[in-house]
Amino acid sequence: MSATKKKPGRSRRAARSGSSEGSFSLAEVASAVGGRVAGDPSLRFSGVQGLDRATPRDLSWVADDLRAREARESRAGALLTAREEDAGGRPAVVVGSPTLALAAWLEAWRPPDRGRPGISKKAHVHPSARLGRGVSVAAGATIEAGAVVGARSILSAGAFVGKGAVLGEDCHLHPNAAVLERCQVGARGILHAGAVVGSDGFGYVWDGQRHRKIRQLGIVRIEEDVEIGANAAIDRATLGETVIGRGTKIDNLVQVGHNVTVGENSILCGQAGIAGSARLGRGVTLAGQVGVSDHVTIGDGVVATGQAGIVRGARIADGTTVSGMPAAPHRDFLRRSAWIARLPELARRVEELEKGLAGASQGGRPWKSESPKS
Amino acid sequence: MSATKKKPGRSRRAARSGSSEGSFSLAEVASAVGGRVAGDPSLRFSGVQGLDRATPRDLSWVADDLRAREARESRAGALLTAREEDAGGRPAVVVGSPTLALAAWLEAWRPPDRGRPGISKKAHVHPSARLGRGVSVAAGATIEAGAVVGARSILSAGAFVGKGAVLGEDCHLHPNAAVLERCQVGARGILHAGAVVGSDGFGYVWDGQRHRKIRQLGIVRIEEDVEIGANAAIDRATLGETVIGRGTKIDNLVQVGHNVTVGENSILCGQAGIAGSARLGRGVTLAGQVGVSDHVTIGDGVVATGQAGIVRGARIADGTTVSGMPAAPHRDFLRRSAWIARLPELARRVEELEKGLAGASQGGRPWKSESPKS
Amino acid sequence: MSATKKKPGRSRRAARSGSSEGSFSLAEVASAVGGRVAGDPSLRFSGVQGLDRATPRDLSWVADDLRAREARESRAGALLTAREEDAGGRPAVVVGSPTLALAAWLEAWRPPDRGRPGISKKAHVHPSARLGRGVSVAAGATIEAGAVVGARSILSAGAFVGKGAVLGEDCHLHPNAAVLERCQVGARGILHAGAVVGSDGFGYVWDGQRHRKIRQLGIVRIEEDVEIGANAAIDRATLGETVIGRGTKIDNLVQVGHNVTVGENSILCGQAGIAGSARLGRGVTLAGQVGVSDHVTIGDGVVATGQAGIVRGARIADGTTVSGMPAAPHRDFLRRSAWIARLPELARRVEELEKGLAGASQGGRPWKSESPKS
Numbered sequence: 026m027s028a029t030k031k032k033p034g035r036s037r038r039a040a041r042s043g044s045s046e047g048s049f050s051l052a053e054v055a056s057a058v059g060g061r062v063a064g065d066p067s068l069r070f071s072g073v074q075g076l077d078r079a080t081p082r083d084l085s086w087v088a089d090d091l092r093a094r095e096a097r098e099s100r101a102g103a104l105l106t107a108r109e110e111d112a113g114g115r116p117a118v119v120v121g122s123p124t125l126a127l128a129a130w131l132e133a134w135r136p137p138d139r140g141r142p143g144i145s146k147k148a149h150v151h152p153s154a155r156l157g158r159g160v161s162v163a164a165g166a167t168i169e170a171g172a173v174v175g176a177r178s179i180l181s182a183g184a185f186v187g188k189g190a191v192l193g194e195d196c197h198l199h200p201n202a203a204v205l206e207r208c209q210v211g212a213r214g215i216l217h218a219g220a221v222v223g224s225d226g227f228g229y230v231w232d233g234q235r236h237r238k239i240r241q242l243g244i245v246r247i248e249e250d251v252e253i254g255a256n257a258a259i260d261r262a263t264l265g266e267t268v269i270g271r272g273t274k275i276d277n278l279v280q281v282g283h284n285v286t287v288g289e290n291s292i293l294c295g296q297a298g299i300a301g302s303a304r305l306g307r308g309v310t311l312a313g314q315v316g317v318s319d320h321v322t323i324g325d326g327v328v329a330t331g332q333a334g335i336v337r338g339a340r341i342a343d344g345t346t347v348s349g350m351p352a353a354p355h356r357d358f359l360r361r362s363a364w365i366a367r368l369p370e371l372a373r374r375v376e377e378l379e380k381g382l383a384g385a386s387q388g389g390r391p392w393k394s395e396s397p398k399s
Numbered sequence: 026m027s028a029t030k031k032k033p034g035r036s037r038r039a040a041r042s043g044s045s046e047g048s049f050s051l052a053e054v055a056s057a058v059g060g061r062v063a064g065d066p067s068l069r070f071s072g073v074q075g076l077d078r079a080t081p082r083d084l085s086w087v088a089d090d091l092r093a094r095e096a097r098e099s100r101a102g103a104l105l106t107a108r109e110e111d112a113g114g115r116p117a118v119v120v121g122s123p124t125l126a127l128a129a130w131l132e133a134w135r136p137p138d139r140g141r142p143g144i145s146k147k148a149h150v151h152p153s154a155r156l157g158r159g160v161s162v163a164a165g166a167t168i169e170a171g172a173v174v175g176a177r178s179i180l181s182a183g184a185f186v187g188k189g190a191v192l193g194e195d196c197h198l199h200p201n202a203a204v205l206e207r208c209q210v211g212a213r214g215i216l217h218a219g220a221v222v223g224s225d226g227f228g229y230v231w232d233g234q235r236h237r238k239i240r241q242l243g244i245v246r247i248e249e250d251v252e253i254g255a256n257a258a259i260d261r262a263t264l265g266e267t268v269i270g271r272g273t274k275i276d277n278l279v280q281v282g283h284n285v286t287v288g289e290n291s292i293l294c295g296q297a298g299i300a301g302s303a304r305l306g307r308g309v310t311l312a313g314q315v316g317v318s319d320h321v322t323i324g325d326g327v328v329a330t331g332q333a334g335i336v337r338g339a340r341i342a343d344g345t346t347v348s349g350m351p352a353a354p355h356r357d358f359l360r361r362s363a364w365i366a367r368l369p370e371l372a373r374r375v376e377e378l379e380k381g382l383a384g385a386s387q388g389g390r391p392w393k394s395e396s397p398k399s
Numbered sequence: 026m027s028a029t030k031k032k033p034g035r036s037r038r039a040a041r042s043g044s045s046e047g048s049f050s051l052a053e054v055a056s057a058v059g060g061r062v063a064g065d066p067s068l069r070f071s072g073v074q075g076l077d078r079a080t081p082r083d084l085s086w087v088a089d090d091l092r093a094r095e096a097r098e099s100r101a102g103a104l105l106t107a108r109e110e111d112a113g114g115r116p117a118v119v120v121g122s123p124t125l126a127l128a129a130w131l132e133a134w135r136p137p138d139r140g141r142p143g144i145s146k147k148a149h150v151h152p153s154a155r156l157g158r159g160v161s162v163a164a165g166a167t168i169e170a171g172a173v174v175g176a177r178s179i180l181s182a183g184a185f186v187g188k189g190a191v192l193g194e195d196c197h198l199h200p201n202a203a204v205l206e207r208c209q210v211g212a213r214g215i216l217h218a219g220a221v222v223g224s225d226g227f228g229y230v231w232d233g234q235r236h237r238k239i240r241q242l243g244i245v246r247i248e249e250d251v252e253i254g255a256n257a258a259i260d261r262a263t264l265g266e267t268v269i270g271r272g273t274k275i276d277n278l279v280q281v282g283h284n285v286t287v288g289e290n291s292i293l294c295g296q297a298g299i300a301g302s303a304r305l306g307r308g309v310t311l312a313g314q315v316g317v318s319d320h321v322t323i324g325d326g327v328v329a330t331g332q333a334g335i336v337r338g339a340r341i342a343d344g345t346t347v348s349g350m351p352a353a354p355h356r357d358f359l360r361r362s363a364w365i366a367r368l369p370e371l372a373r374r375v376e377e378l379e380k381g382l383a384g385a386s387q388g389g390r391p392w393k394s395e396s397p398k399s
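Residue numbers (this note's numbering), protein chains in the order written: chain A, 26 to 399; chain B, 26 to 399; chain C, 26 to 399.
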């Protein structure tokens, strides 16, 4: 209790809050996250907050060493921390990775609300659709002919599963999310509100008078544990498949073109766009607003920083970090950016050199002068 | 009537249109906008159009001095103008700000259609939801358990208000707009079609094998008088709040990440994106497709021009205008851009200097030559 | 049959698949695309696939000469090709444009499924709406008062047609697509899932204390044969019209501001954005993530490459290809990009020159030295 003795007011208030619904003890936290309590394990807290918002009734976390000072100066009642000393004497749960422990604790403390299973009378489910056990279908949701929805999946209001589409188990389609005809979403797939899987690829051919549409007959195949952000759009393949690999996470408003392949465990941040037939490896990170041209190949573990533009014909090697438009290795981008910032100065220096050489030659076009002095 | 005497044909036609439904007199306009009529206040017009489309039956407006000539050459029957002379002799309503007067007149002339209050039988409203007086809920809209909808608010078809969410008075959710669980929208909030408030923040932690989702338990709090564009997405905070300040206007397809704070009266133009935990001050303008990295701080009154990229670690001072990627003060950007355009020339000049100096030294590596001439 | 003799295994397998449903003969293909069979016209195939995925049971196509080698090395059972020799001896249908033939064949082979006409009881159709023959309205779709829907048009689940809006014949609104009040979509218009036509323009005027909304009373007028991508947003005009010309194709997540005009047969790729009042000519191509500032004028046939930023005041001449931000003619962009990549080297050369000139003058500020040598 030495830690709490130093800050009795805090810990007492924290302890008092123990009776409120949803409160938890440090022992519970430590058990859920596989950590060790430093302090009184029976101390109770009522909330979890970031360091800037935490009160003495809240648990917070020290994401990394850079946050140690902020942690010590915070008002947090207790901390998830990798180093006990970063807790500044207050109660703590010591763990290998505080952020991982946070994820584990939030899931234990506030498990996702799966709602009550059942099909709303205001939903539209085609008789030929097959639904697993415990499926929940809200008012205004639609499941078309021949579709399959895995056990315990949730369709929120306005969600749509098209003809012959297949959802795995434990999927969640948030309001107005749509999985169109014949597309597939693996187990535990999450589509946030307004996300679209299986819109037509953008394929036309000029026939001399108009852009003639090429029928888009392929599908989108989304492997397991994929999350797709609000109002993102994943196009179906012209023929064959657009593939999103297992465990990949896609943020809001991302565009994925037809016949694209994204490898496993990749991260596509907000408003990134990938044009048709591009191939991304495993563990790729596209930061916000990155653009990838069609038919580009991107290796495993590549990182493209914000707004980078990976242009046609590019082939980005495994593990590279690229930046800028056209995208270049990040270090080159930084050096170039630094020189661009100094361009006016560089231009001035060139001008001075020209004057200097002209002075050196005392007239005439200096670089043609026969003699550098008169 | 001197003004109309000069253009009798126009004014007569305008006058003739007076009997048609929705027509209005200059006196009515002047009264609604607090202006002074120059010409016959009883003249009637039937429409309002921009200078390029206006006919003699239309009122138009002179947005600023640069439009004076266009105004004089237009076919408009009457003008809202700050300077009577810009009307070129035709009838006018003279006001301090013609654009402000336009806004006032359009609102007076064509007040928003609030529809008929009432709840469609084809809507889904949970019995525990609380609805204020005069609320309108269209077919296919959903209000979930415990939600609160303020008086006179309108939910169009497919609109969604999640569990425990709160809408203030006089809000309007256009078709398929969604305010998800527990999020809050202040009075007079407008969500255009497909806008999403409260999608999960994009938060994961790598556990050695996969990106583990961090539960997003916070909310979005939108203050009063905020407008959010079609298919925009505002993520909820991990914990705590994502905040959109009073009077801020957000355009279509904008992305706002978790835990972001946007100050009052800011303007976020189409397709701008703000990554997690960024803080924007008051009166900030992000032009189209601007990207803001996570944890960035942007001061009051900052303007970022189109496609600017505000990179990690940046701290933009109050009142600054920034451009480019990485974003720099606008004047620097312009100078750099000008020099980039001249880079091939600059390179040529360097080459000439090298030749010149080589010529000066007559052979050898000039910068190492012992003597500048033979 | 000489072609098949060389690859008997393949052709036999292909022939065996002839009995399966949906299989087709080369004669059928040739007839549909107006081509000539090289090989046995009675050979049957069961699918169509790209060269990389095609099996001996599939028809594939040689998009252009660059694909000739890939075609010869592919496993495809038969090919649409412009040159018989590119088929590498296997059966082929020889046509002028293989890609055009592909489009024609896919349409003949798999004609769009127009669904069964009729209005779902779970749809909401206002009694004053007028629907043409053979219209199909799914559960959860809404057609408001005074709207007109042309013959054979399809409204998928959650699709929305607002008051007084007009759809031409043979339109298709995919799930949750919306055509708002009074907007018009021409015949054969396709709106993909979540697309919004007629959201308010982003128009405000600062009144000294707040951004006052300018009522957006205009419409969007979409001409015939236009396709609009998933979650794209087209704003209505403040007054007058936002116009999308006949035959123009718009990709996912594109933003078109108020009062914009896009000419006929243009192509706007994913995530491109066009600010208010810009005017695009005919046959314009905006690649992915291109940004166009307000009031810009873009000529016929202009191409803007990926992420290009066409800034305010720009006027892009007919037929120009532009790149970069700010956008410049593509050749200039390439030269500048090449020089930016060499900037560190250029800076080094300037430094060497400075040293060289200093060496030449042996001390002092070289460009001011009276004499180039001591």
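Cβ atoms here follow ideal geometry from the backbone N, Cα and C, with glycine treated the same way.
Cβ shell of residue i (< 7 Å), same chain only, five flanking positions each side left out
i	result
residue 108 of chain B	none
residue 127 of chain C	86, 105
Chain C contact residues for residue i, given Cβ-Cβ distances below 9 Å
i	result
residue 278 of chain B	256, 257, 258, 278, 279, 280, 296, 298
Residue i: contacting residues in chain A (beta-carbon distance under 7 Å)
i	result
residue 132 of chain C	240
Unbroken beta strand (DSSP E) run spanning residue i, endpoints
i	result
residue 85 of chain B	83-86
residue 361 of chain C	That residue, residue 361 of chain C, is in no beta strand (DSSP E); its alpha helix (DSSP H) goes 355-366.
Under 9 Å between C-beta atoms of residue i and residue j
i	j	result
residue 243 of chain A	residue 262 of chain A	yes
residue 277 of chain A	residue 221 of chain B	yes
residue 205 of chain B	residue 218 of chain A	yes
residue 111 of chain C	residue 138 of chain C	no
residue 306 of chain A	residue 281 of chain A	no
residue 337 of chain B	residue 318 of chain B	yes
Cβ-based neighbour list, residue i, same chain, cut-off 6 Å, excluding 5 preceding and 5 following
i	result
residue 251 of chain C	214, 269, 273
residue 350 of chain B	334
residue 381 of chain C	none
residue 245 of chain C	208, 222, 223, 259, 261, 267
residue 167 of chain C	149, 185
residue 133 of chain A	57
For residue i, the first and last residue of its enclosing alpha helix (DSSP H)
i	result
residue 236 of chain B	Careful: residue 236 of chain B lies outside any alpha helix (DSSP H), inside the beta strand (DSSP E) at 236-238.
residue 56 of chain A	51-58
Under 8 Å from the C-beta of residue i: neighbouring residues of chain A
i	result
residue 375 of chain C	371, 374, 375, 378
residue 201 of chain C	183, 185, 201, 203, 219
7 Å Cβ cut-off: residues of chain B touching residue i
i	result
residue 124 of chain A	230
Next on the checklist: Three Cβ pairs or more, each shorter than 8 Å: is that satisfied between the region 61-75 of chain C and the region 100-107 of chain C?
Outcome noted: Touching, yes.
Next on the checklist: For the structure I just gave you, are there three or more beta carbon pairs, one from the region 302-319 of chain C and one from the region 316-326 of chain B, closer than 8 Å?
Outcome noted: no
Checklist entry - Would you call the region 157-165 of chain C and the region 177-191 of chain C in contact, with 3 or more CB pairs under 8 Å? => result In short, these stretches touch, since the Cβ pair count reaches three.
Checklist entry - Quick one: any contact between the region 360-379 of chain A and the region 364-382 of chain B, if contact means 3 or more CB pairs under 8 Å? => result yes
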